[in-house]
Amino acid sequence: MQEETARSAIDTFISAFNASDDSYVIALLSQALTSDVVFWGPLGRSEGIEAVERFVLDIRRHPAGTGTMVRCSAVDMPGEWARYQWVFTTPDGGPRLAGTDVVHLRRSLIDQVIVFAGEIEPSAS
Numbered sequence: 294m295q296e297e298t299a300r301s302a303i304d305t306f307i308s309a310f311n312a313s314d315d316s317y318v319i320a321l322l323s324q325a326l327t328s329d330v331v332f333w334g335p336l337g338r339s340e341g342i343e344a345v346e347r348f349v350l351d352i353r354r355h356p357a358g359t360g361t362m363v364r365c366s367a368v369d370m371p372g373e374w375a376r377y378q379w380v381f382t383t384p385d386g387g388p389r390l391a392g393t394d395v396v397h398l399r400r401s402l403i404d405q406v407i408v409f410a411g412e413i414e415p416s417a418s
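Each residue of the sequence shown is one higher than the last, beginning at 294 in the numbering used here.
Laid out in structure tokens, this is it:
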């Protein structure tokens with residue numbers, strides 16, 4: 294049951310990267326994250342949904358064009374933390390970024406996110 298709850302929150306979080314319009318990003322994040330979420334990203338630690346929103350919007354505005362973020366692994370929950378792998382691909386075979394996120398849940402919402410991004414590579418055709 295805990296893995297299903299984590300998977301639902303994670304998939305909602307990822308859907309914010311793929312929203313049809315920037316105006317939907319905060320609504321999707323609000324469904325997945327606590328208001329006081331702690332976000333450990335490539336630029337350090339930040340707090341709150343607004344901080345995560347800025348990160349998501351920055352990725353959505355990639356210079357190569359709007360890309361697609363997908364979860365490319367099962368959600369593994371060995372204890373209090375869940376982890377999963379993801380890939381972000383830009384259009385027309387542009388840069389691809391892959392990584393692993395580790396999240397902690399509180400009351401079915403993500404209250405901490407740690408992003409481990411890998412190297413950017415061209416997508417495989």
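Even glycine gets a Cβ: it sits at the ideal position worked out from N, Cα and C. On a predicted model such as this, the values are computed, not experimentally measured, just so you know.
Worksheet item: Going by DSSP, what residues sit across from residue 381 in a beta bridge?
Response: 362 and 390
Item to complete: Assign residue 322 to one of three DSSP states: helix, strand, or coil.
Response: helix
Discussion item. Output needed for residue 305: all residues of its chain with C-beta closer than 7 Å, excluding positions within five of it in sequence on either side, in chain order.
Written reply: 321, 324 and 325
Discussion item. Under DSSP, the alpha helix (DSSP H) around residue 346 begins and ends at which residues?
Written reply: 342-353
Discussion item. Tell me the residue span of the alpha helix (DSSP H) that contains residue 357.
Written reply: Per DSSP, residue 357 belongs to no alpha helix (DSSP H) and is neither H nor E.
Discussion item. Tell me the rounded alpha-carbon separation between residue 303 and residue 403.
Written reply: 8 Å
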